[in-house]
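In our numbering, the protein residues as written are 108 to 251.
All residues carry an ideal CB built from backbone N, CA and C; glycine is no exception.
Single-structure report; data block below.
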Amino acid sequence: MSASVGPTPASTGPGVPPAPGNKPWVSGTVLFAGVLMLVTGLLELFRGIMAIAEDDVFVTTPRYVFRFDLTSWGWIHLVVGVLLALTGLFVIKGMLWARILGVCFAAVSMIDNFLAVPYYPLWSLVLIALDVFVIWALCAYRET
Numbered sequence: 108m109s110a111s112v113g114p115t116p117a118s119t120g121p122g123v124p125p126a127p128g129n130k131p132w133v134s135g136t137v138l139f140a141g142v143l144m145l146v147t148g149l150l151e152l153f154r155g156i157m158a159i160a161e162d163d164v165f166v167t168t169p170r171y172v173f174r175f176d177l178t179s180w181g182w183i184h185l186v187v188g189v190l191l192a193l194t195g196l197f198v199i200k201g202m203l204w205a206r207i208l209g210v211c212f213a214a215v216s217m218i219d220n221f222l223a224v225p226y227y228p229l230w231s232l233v234l235i236a237l238d239v240f241v242i243w244a245l246c247a248y249r250e251t
């Protein structure tokens, strides 16, 4: 008779928590939110680089209330993008503080993109929609 090495059938399966120290990766809506945060963060980062490097791809709106220099907008988008992407990594890892910060950073990104609609309308609207999904997914998550 040989001794089995590894977990016994009674110690694994649905409803059985993982062994201490073995925190699983998240699944479901939080994984969805984390991946969307990575994508949104990268898109914000790219838009920031575009605004810093080449202002010619953006629409000029001379009489816009929230008018900033496009280089300033570029740095704002760059910082927001990095914060979103890094937080998304920690959301995927399952950190509670990252889910809370993720809602805050997605809200900041949504406001940032709303204020930047006149400069790059379609891109801003897509990122606002992605931010809505991120906030929904992070708020709808329930630990089991």
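Could you spell out where the alpha helix (DSSP H) holding Val239 opens and where it closes?
Looking at the DSSP string, the run of the alpha helix (DSSP H) that includes Val239 is Pro228 to Ala247.
Pop quiz: Ile196 and Leu237 are said to be a contact at Cβ under 8 Å. What is the actual Cβ separation, rounded to whole angstroms?
Position check: residue 196 holds Leu in this sequence, whereas Ile was assumed. Wrong, their Cβ atoms sit about 16 Å apart, outside the cutoff.
Taking 7 Å as the limit between beta carbons, can you name the residues of its chain near Val210, skipping five residues before and five after?
Correct list, in chain order: Ile242, Leu245 and Cys246.
Rounded C-beta distance between Val198 and Val137? I'm assuming under 8 Å.
Between Val198 and Val137 the beta-carbon gap is near 6 Å, inside 8 Å, which marks them as a contact.
If I'm right that His184 touches Glu151 with Cβ under 8 Å, what's the distance once you round it to whole angstroms?
The Cβ separation is near 5 Å, so the contact holds.
The alpha helix (DSSP H) enclosing Ala223, as first and last residue numbers
No alpha helix (DSSP H) contains Ala223, which DSSP labels as neither H nor E.
Helix, strand or coil: how does DSSP classify Ser134 here?
Three-state result, Ser134: coil.
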